[in-house]
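Enquirer: The structure is given below, and queries will be raised subsequently.
4 protein chains.
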Amino acid sequence: MREKDENRRQHILDVTTKMIISEGISGVTLTKVAKAAGISQSNIYIYFKDKADIVKQTFLSRKQIIGDYLMFHYSPKGSAIENLTLFARALYQFAIEDPDDMALIQQFNASPVLATLDLSQEEAELNFDQIFKELKQGVEDGELREMDPDVILTMGFVTITTYAQRVAAKTIDPVTTPLSAVIDMIIAASRKPA
Amino acid sequence: MREKDENRRQHILDVTTKMIISEGISGVTLTKVAKAAGISQSNIYIYFKDKADIVKQTFLSRKQIIGDYLMFHYSPKGSAIENLTLFARALYQFAIEDPDDMALIQQFNASPVLATLDLSQEEAELNFDQIFKELKQGVEDGELREMDPDVILTMGFVTITTYAQRVAAKTIDPVTTPLSAVIDMIIAASRKPA
Amino acid sequence: MREKDENRRQHILDVTTKMIISEGISGVTLTKVAKAAGISQSNIYIYFKDKADIVKQTFLSRKQIIGDYLMFHYSPKGSAIENLTLFARALYQFAIEDPDDMALIQQFNASPVLATLDLSQEEAELNFDQIFKELKQGVEDGELREMDPDVILTMGFVTITTYAQRVAAKTIDPVTTPLSAVIDMIIAASRKPA
Amino acid sequence: MREKDENRRQHILDVTTKMIISEGISGVTLTKVAKAAGISQSNIYIYFKDKADIVKQTFLSRKQIIGDYLMFHYSPKGSAIENLTLFARALYQFAIEDPDDMALIQQFNASPVLATLDLSQEEAELNFDQIFKELKQGVEDGELREMDPDVILTMGFVTITTYAQRVAAKTIDPVTTPLSAVIDMIIAASRKPA
DNA sequence: CATGAATGAGGATTCATTCAT
DNA sequence: AATGAATGAATCCTCATTCAT
Chain Y
1 MREKDENRRQ HILDVTTKMI ISEGISGVTL TKVAKAAGIS QSNIYIYFKD KADIVKQTFL
61 SRKQIIGDYL MFHYSPKGSA IENLTLFARA LYQFAIEDPD DMALIQQFNA SPVLATLDLS
121 QEEAELNFDQ IFKELKQGVE DGELREMDPD VILTMGFVTI TTYAQRVAAK TIDPVTTPLS
181 AVIDMIIAAS RKPA
Chain E
1 MREKDENRRQ HILDVTTKMI ISEGISGVTL TKVAKAAGIS QSNIYIYFKD KADIVKQTFL
61 SRKQIIGDYL MFHYSPKGSA IENLTLFARA LYQFAIEDPD DMALIQQFNA SPVLATLDLS
121 QEEAELNFDQ IFKELKQGVE DGELREMDPD VILTMGFVTI TTYAQRVAAK TIDPVTTPLS
181 AVIDMIIAAS RKPA
Chain Z
1 MREKDENRRQ HILDVTTKMI ISEGISGVTL TKVAKAAGIS QSNIYIYFKD KADIVKQTFL
61 SRKQIIGDYL MFHYSPKGSA IENLTLFARA LYQFAIEDPD DMALIQQFNA SPVLATLDLS
121 QEEAELNFDQ IFKELKQGVE DGELREMDPD VILTMGFVTI TTYAQRVAAK TIDPVTTPLS
181 AVIDMIIAAS RKPA
Chain V
1 MREKDENRRQ HILDVTTKMI ISEGISGVTL TKVAKAAGIS QSNIYIYFKD KADIVKQTFL
61 SRKQIIGDYL MFHYSPKGSA IENLTLFARA LYQFAIEDPD DMALIQQFNA SPVLATLDLS
121 QEEAELNFDQ IFKELKQGVE DGELREMDPD VILTMGFVTI TTYAQRVAAK TIDPVTTPLS
181 AVIDMIIAAS RKPA
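From first to last, the protein sequence lines are chains Y, E, Z and V. Each residue of the first sequence is one higher than the one before, counting from 1 in UniProt numbering. Each residue of the second sequence is one higher than the one before, counting from 1 in UniProt numbering. Each residue of the third sequence is one higher than the one before, counting from 1 in UniProt numbering. Each residue of the fourth sequence is one higher than the one before, counting from 1 in UniProt numbering.
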């Protein structure tokens with residue numbers, strides 16, 4: 001019973017995720033969500049406070065998913081460069097396996113709607129603490145370029161996700177332009193020049 | 001007379017731009033646009049076909065602005081690396097001078113709404129033909145890394161705009177982390193390794 | 001044109017008045033008001049800000065009507081007792097001629113809804129300033145009983161309106177129990193005992 | 001067990017009473033009643049048939065309370081005038097001790113909602129049979145003014161309750177304007193003039 | 001006895017759009 | 001060119017009520 005409830009809640013979030021990806025955040029309507037989820041509109045209010053809550057929970061659940069994935073697949077082992085490589089691979093893998101959630105996160109990040117969802121600072125941000133710390137250490141150790149780790153991280157993040165999107169869209173051929181080459185590029189950008 | 005009309009049209013687009021930036025594309029309503037523009041709702045239909053048209057024209061006008069700016073401030077002169085540097089500077093300058101239009105473009109790019117606006121391929125994309133050509137040439141000449149020029153361009157674009165945003169938000173201090181350092185990073189990523 | 005607008009506005013208020021009288025304030029629904037007024041629901045919003053505004057304006061318009069009536073039909077001429085008599089007659093006449101508006105006012109006065117309508121003190125109260133002043137003077141002059149004029153006024157007001165209601169409902173026969181007898185009663189209550 | 005049920009039922013009525021007083025009859029919602037009573041919405045249907053039933057029972061229970069109070073505190077002993085005095089005192093006392101229930105009764109009396117509650121004639125009216133009979137007798141005996149006893153009763157009732165309300169609201173000072181003076185006024189109105 | 005889930009109907013309000021002027 | 005009036009459809013949300021447990 002409890003399980004069934006949670007299932008239905010999840011189902012609503014899934015349906016909303018798909019809707020956001022295909023029609024944008026503006027495209028989300030409770031009428032449409034209810035219809036797509038196969039429930040009555042009023043039923044939604046058992047699981048969520050209001051529309052903003054649905055959107056918020058949708059975002060948080062996808063953030064959770066990507067966070068869990070990275071937590072599981074990325075474990076820093078060696079130098080900052082090595083860790084950056086591992087992280088890039090994990091991120092790429094996620095973007096390939098779960099392009100929907102990736103797209104959703106990116107859409108939220110670009111939209112001012114995120115700011116209206118009264119999320120805590122922590123909730124609003126992707127949790128990249130671990131890799132961020134590694135990068136920071138790398139900069140301090142002189143292994144990485146003297147640069148705000150945030151800029152390095154964003155550069156790497158967007159480069160990887162863009163690459164993954166184009167691979168998925170078959171705009172880029174991963175045979176002639178392999179992931180390793182992209183990672184090399186990121187490393188070249190990040191490593192401290194001799 | 002003609003001129004006056006064009007002014008009013010422009011005014012509507014400006015108002016819409018601000019609205020998209022502050023409230024997202026979903027936040028745009030003709031009611032609000034009319035009120036913000038100080039005209040009557042029905043009046044809008046003299047200048048635009050329907051709501052989708054306003055959104056579309058808003059996007060196109062901002063794309064035009066950034067395109068014009070780069071056209072004017074970026075003229076390729078030398079090697080691919082040199083051109084990339086010039087381009088990065090022009091882009092940074094634009095992002096600092098006109099953060100609103102920059103933000104609008106980025107928001108559109110991340111949103112599926114763009115796809116619903118029946119824009120031609122050409123209309124939908126930022127016109128970076130020139131720099132794209134230079135980069136392509138640079139790759140062919142062996143000056144740049146063997147990599148899809150698109151990936152290089154995206155990497156550079158996002159790195160610069162992210163940096164500019166954080167400078168504007170005072171999250172990054174441009175004295176300790178100057179633009180030149182960011183450009184160095186981009187170049188390191190792009191240049192073909194020895 | 002202007003006239004037509006005002007007519008429609010008035011029409012909405014009239015329809016709302018009838019609805020409040022027959023079904024209570026809780027019975028008012030924009031759907032029903034629109035249907036009864038023969039206009040579309042959204043059209044209402046051209047004339048009124050929201051539902052509360054309709055209810056408020058309905059109350060105010062009826063208050064205005066009773067106020068105008070009394071202003072026109074009651075002009076104090078002599079002693080407090082004489083004036084009280086004149087006032088009672090005017091009030092009775094109004095209650096007979098326009099029982100609907102009378103009923104509406106009474107319903108509002110008994111309901112806490114009135115307090116939620118953010119009316120100014122002045123707007124919320126029936127404007128009985130004139131007779132109130134006369135009564136006060138009468139008390140000071142020793143003509144009337146030493147009593148808060150408000151209590152006298154309320155006593156008189158309710159006695160007259162109750163009487164009028166019962167006459168209208170044919171619960172009381174005005175031949176065997178004429179208005180004059182009721183007024184005598186009110187006077188007996190108000191006059192200072194010898 | 002049985003007792004516990006009755007307690008809960010009473011609790012629901014109490015909660016509803018408060019809600020009606022503070023927000024009007026229109027303000028009553030089963031959702032809110034349930035929340036305020038600390039029970040689940042569906043639970044209400046164990047104790048009451050439907051929403052109308054709750055409202056109806058609320059009214060009846062308060063009518064019962066005021067009736068019981070007067071039954072207990074008012075016992076006619078002498079002439080009509082003396083009885084009227086006793087009754088007025090009892091009524092005043094009740095209005096002071098239990099202003100909520102008094103306010104509820106008055107609100108119902110002014111509202112057409114009462115008519116929709118399919119109450120019998122007897123249920124709908126306040127049970128003032130006793131005093132009514134005394135007044136009628138008084139009129140017949142020539143002790144009271146020749147007047148419909150109903151008008152006398154209403155006059156007296158409203159005068160007392162209005163006075164009590166203003167005393168409670170501290171709009172009237174009971175020291176300078178004591179209850180006895182108000183009763184004198186009522187008596188003056190009721191007594192047959194010499 | 002008690003409740004959480006579920007729902008259809010209806011609530012107020014806003015929207016994009018059209019039309020007469 | 002400009003606008004105020006008008007509206008139907010759609011928005012989010014609440015309501016009273018039922019049902020399975």
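Don't be surprised by glycine CBs; every beta carbon is placed ideally from N, CA and C.
According to DSSP, is arginine 62/E part of a helix, a strand, or is it coil?
Expert: In this structure, arginine 62/E counts as helix in the three-state DSSP scheme.
Enquirer: May I ask you to verify whether the segment 151-164 of chain E touches the segment 93-104 of chain E, counting CB pairs closer than 8 Å and requiring at least 3?
Expert: Cβ pair count under 8 Å is three or more, so yes.
Enquirer: Measuring CA to CA, which of Ser180/E, Gly24/E and Ile25/E is closest to phenylalanine 87/E?
Expert: For the residues Ser180/E, Gly24/E and Ile25/E, the minimum Cα distance to phenylalanine 87/E belongs to Ser180/E.
Enquirer: Determine whether the Cβ of methionine 1/Y lies closer than 8 Å to any Cβ atom of chain E.
Expert: Because the pLDDT at methionine 1/Y is just 37, under 50, the model does not fix this residue reliably, and the value given afterwards should be weighed accordingly. For methionine 1/Y, the answer is no, since every Cβ of chain E falls outside 8 Å of its Cβ.
Enquirer: Would you say proline 112/V reaches chain Z, if we count a Cβ-Cβ gap shorter than 8 Å as a contact?
Expert: Output row for proline 112/V: interface = yes.
Enquirer: For valine 158/Z, would you say it is in contact with chain V, using Cβ-to-Cβ distances shorter than 8 Å as the test?
Expert: Yes, because at least one Cβ of chain V sits closer than 8 Å to the Cβ of valine 158/Z.
Enquirer: Among Ile20/Z, Gly142/Z, Val167/Z and Val15/Z, which residue has its Cα nearest to the Cα of isoleucine 44/Z?
Expert: It is Val15/Z.
Enquirer: Alpha carbon to alpha carbon, how far is glutamine 130/V from phenylalanine 72/V?
Expert: Rounded to whole angstroms, glutamine 130/V to phenylalanine 72/V spans 12 Å at the Cα level.
Enquirer: How many Å lie between methionine 1/V and valine 55/V at the Cα?
Expert: Because the pLDDT of methionine 1/V is 41, which lies under 50, any placement of that residue in the model is unreliable, and the number read from its coordinates should be weighed accordingly. About 25 Å.
Enquirer: Residues of the segment 132-154 of chain V in Cβ contact with chain Z at a cutoff of 9 Å, in chain order, please.
Expert: The segment 132-154 of chain V vs chain Z, Cβ under 9 Å: Arg145, Glu146, Met147, Asp148, Asp150, Val151, Ile152 and Thr154.
Enquirer: Here's a check: name, in chain order, each residue in its chain whose Cβ is nearer than 8 Å to the Cβ of alanine 36/E, leaving out the five neighbours to either side.
Expert: Closer than 8 Å at Cβ, skipping near neighbours: Val15, Lys18 and Met19.
Enquirer: Please tell me whether glycine 67/E has its Cβ less than 8 Å away from any Cβ of chain Y.
Expert: So no, glycine 67/E is outside the interface.
Enquirer: Closest Cβ-Cβ distance between tyrosine 163/Y and chain E: below 8 Å?
Expert: Chain E contact via Cβ: present.
Enquirer: So, does the segment 164-175 of chain V touch the segment 4-13 of chain V, judging by three or more C-beta pairs under 8 Å?
Expert: Taking 8 Å as the limit for Cβ pairs, the verdict is that the segment 4-13 of chain V does not touch the segment 164-175 of chain V.
Enquirer: I need the boundaries of the alpha helix (DSSP H) containing serine 190/E, first residue and last residue.
Expert: 179-190 is the extent of the alpha helix (DSSP H) around serine 190/E.
Enquirer: Excluding the 5 residues preceding and the 5 following isoleucine 25/Z in the sequence, name in chain order all residues of the same chain whose CB lies nearer than 8 Å to its CB.
Expert: Once the five neighbours on either side are set aside, the close Cβ partners of isoleucine 25/Z are Val55, Gln107, Phe108, Ser111 and Val113.
Enquirer: When the Cα atoms are used, what is the spatial distance from alanine 194/Z to arginine 191/V?
Expert: Taking the straight line joining both Cα atoms gives about 15 Å.
Enquirer: Between the Cα of threonine 154/V and the Cα atoms of Arg62/V, Ile172/V, Gln93/V and Leu84/V, which residue gives the shortest distance?
Expert: Among Arg62/V, Ile172/V, Gln93/V and Leu84/V, the Cα nearest to that of threonine 154/V is on Leu84/V.
Enquirer: List the whole-angstrom C-beta distance separating isoleucine 152/Z from leucine 135/Z, where the pair is believed to meet the contact cut-off of C-beta under 8 Å.
Expert: Yes, isoleucine 152/Z and leucine 135/Z are in contact; Cβ-Cβ is about 6 Å, under 8 Å.
Enquirer: Of the choices Leu13/Z, Thr116/Z, Gln57/Z and Glu143/Z, whose alpha-carbon is the least far from that of alanine 34/Z?
Expert: Of Leu13/Z, Thr116/Z, Gln57/Z and Glu143/Z, the residue nearest in Cα terms is Leu13/Z.
Enquirer: With 8 Å as the C-beta to C-beta threshold (strictly closer), list the residues of the segment 178-194 of chain E near chain Y in chain order.
Expert: The segment 178-194 of chain E vs chain Y, Cβ under 8 Å: Ala181, Val182, Asp184, Met185, Ile186, Ala188, Ala189, Ser190, Arg191 and Pro193.
Enquirer: Taking aspartate 150/Y as part of the alpha helix (DSSP H), name the residues at either end of that continuous run.
Expert: Here the alpha helix (DSSP H) through aspartate 150/Y covers 149-168.
Enquirer: Taking its Cβ as the centre, do 16 or more other Cβ atoms sit within 10 Å of glycine 38/E, making it buried, or is it exposed?
Expert: Looking at its Cβ environment, which holds fewer than 16 other Cβ atoms inside 10 Å, glycine 38/E is exposed.
Enquirer: Quick one: residues in its chain with C-beta nearer than 8 Å to the C-beta of isoleucine 187/V, no 5 flanking neighbours on either side, listed in chain order?
Expert: Cβ neighbours of isoleucine 187/V beyond the five flanking positions: Ile81, Leu84 and Thr85.
Enquirer: For the UniProt domain "HTH tetR-type" (6-66) of chain E, list the alpha helix (DSSP H) runs that are entirely contained and at least 4 residues long, ordered along the chain.
Expert: Counting whole runs of 4 or more residues, the UniProt domain "HTH tetR-type" (6-66) of chain E contains the alpha helix (DSSP H) stretches 30-37 and 44-47.
Enquirer: May I have the straight-line CA-CA distance separating proline 76/Y from aspartate 150/Y, to the nearest angstrom?
Expert: In a straight line, the C-alpha of proline 76/Y is about 18 Å away from that of aspartate 150/Y.
Enquirer: Sorted by chain position, which residues of the same chain lie with C-beta nearer than 6 Å to phenylalanine 48/Y's C-beta, five sequence neighbours on each side aside?
Expert: Excluding sequence neighbours, phenylalanine 48/Y sits near Ile54.
Enquirer: Do you know offhand how far glutamate 23/E's Cα is from glycine 27/Y's?
Expert: So the alpha carbons of these two residues sit roughly 14 Å apart.
Enquirer: Can you tell me whether glycine 78/Y is buried or exposed, with buried defined as 16 or more other CB within 10 angstroms of its CB?
Expert: By the 10 Å Cβ count, glycine 78/Y comes out exposed.
Enquirer: Apart from the five residues on each side of it in sequence, which residues of its chain come closer than 8 Å, Cβ to Cβ, to aspartate 98/Y?
Expert: Closer than 8 Å at the Cβ level, and outside the excluded window around aspartate 98/Y, lie Ile65, Ile66 and Tyr69.
Enquirer: Please classify leucine 144/Z: does DSSP put it in a helix, a strand, or coil?
Expert: Of the three classes helix, strand and coil, the one that applies to leucine 144/Z here is strand, per DSSP.
Enquirer: Based on Cα-Cα distance, which residue from Leu60/Z, Lys51/Z, Ala189/Z and Ile21/Z lies nearest to glutamate 122/Z?
Expert: That would be Leu60/Z, whose Cα lies nearest to the Cα of glutamate 122/Z.
Enquirer: Could you spell out where the alpha helix (DSSP H) holding aspartate 101/Y opens and where it closes?
Expert: It spans 99-110 - the alpha helix (DSSP H) in which aspartate 101/Y sits, taken as one unbroken run.
Enquirer: By DSSP, does asparagine 83/Z sit in helix, in strand, or in coil?
Expert: Three-state DSSP puts asparagine 83/Z in a helix.
Enquirer: Got a sec? Which residues, its chain only, sit under 7 Å from threonine 31/V by beta carbon, not counting five neighbours each side?
Expert: Excluding positions up to five away in sequence, the list reads Gln41.
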